[in-house]
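K.L.:
2 protein chains.
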Amino acid sequence: MNRVKDYRKQAGLTQFELAQKVAVARQTINLVENDKYNPSLDLCLRLAKALHTDLNHLFWEA
Amino acid sequence: MNRVKDYRKQAGLTQFELAQKVAVARQTINLVENDKYNPSLDLCLRLAKALHTDLNHLFWEA
DNA sequence: TTGAAATGTCAGATATATATGACATCTTTA
DNA sequence: TAAAGATGTCATATATATCTGACATTTCAA
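Protein sequence lines, in the order shown, are assigned to chains V and F. To convert, note that position 58 of the first sequence is 58 in the UniProt record's numbering; the numbers rise steadily by one, no gaps. To convert, note that position 10 of the second sequence is 10 in the UniProt record's numbering; the numbers rise steadily by one, no gaps.
(1) For residue 5(V) versus residue 50(V), is the C-beta distance shorter than 7 angstroms?
(2) Find the residues of chain V that neighbour residue 51(F), judging by a C-beta separation of less than 7 angstroms, and give them in chain order.
(3) If you measure from the beta carbon of residue 34(F) to each beta carbon in chain V, is any gap under 7 angstroms?
(4) If the cut is a Cβ gap below 9 angstroms, which residues of chain F does residue 16(V) touch?
(5) Could you give the distance in angstroms between the alpha-carbon of residue 57(F) and the alpha-carbon of residue 3(F)?
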């Protein structure tokens with residue numbers, strides 16, 4: 001359970017807009033948000049930067 | 001430039017031992033340490049746990 | 001309450017993460 | 001100094017992340 005959807009909504013972005021910001025398909029964002037697969041580190045870094053946060057906030061569960 | 005090699009050495013592990021702990025091939029550890037590719041989030045999480053640290057310490061450059 | 005936008009999901013294609021096996025080099029210790 | 005261990009790297013194979021296009025469903029504003 002990652003926090004991409006929460007941070008995206010807080011940023012007021014649609015899946016499509018976030019997808020454009022990090023240069024992937026909208027479906028990829030959808031799948032990541034719903035834990036349907038396992039994104040690459042590179043994509044995780046781009047997501048964290050686009051959402052003005054970091055890896056731990058998005059993907060780390062203490 | 002990630003910090004996997006630093007944390008691995010600090011833990012006193014060889015590439016082979018770390019590979020076993022996170023269930024990948026030794027070559028995969030080698031490639032990750034040398035930034036030859038882009039590991040999956042799942043592997044990053046396993047590496048962080050095996051090295052008793054977190055995603056930001058291993059992969060985030062402020 | 002209708003229509004547009006946003007989201008969830010499927011199928012098929014492509015790029016790439018990861019595996020296996022092998023070998024060369026470098027480092028360490030007997 | 002020789003031998004063992006650790007690391008870097010190559011080639012080939014396989015699994016899977018990601019893409020494209022499409023369509024159904026849900027959400028939301030007019």
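Backbone N, C-alpha and C define an ideal beta-carbon position, used for all residues, glycine too. The structure presented is a predicted model; accordingly, all values stated were derived computationally and were not measured.
P.N.:
Taking the geometry as given:
(1) no
(2) Result: empty, since nearest Cβ-Cβ is about 14 angstroms, beyond 7 angstroms.
(3) no
(4) Correct list: empty, because the minimum Cβ distance to chain F is about 22 angstroms.
(5) 7 angstroms
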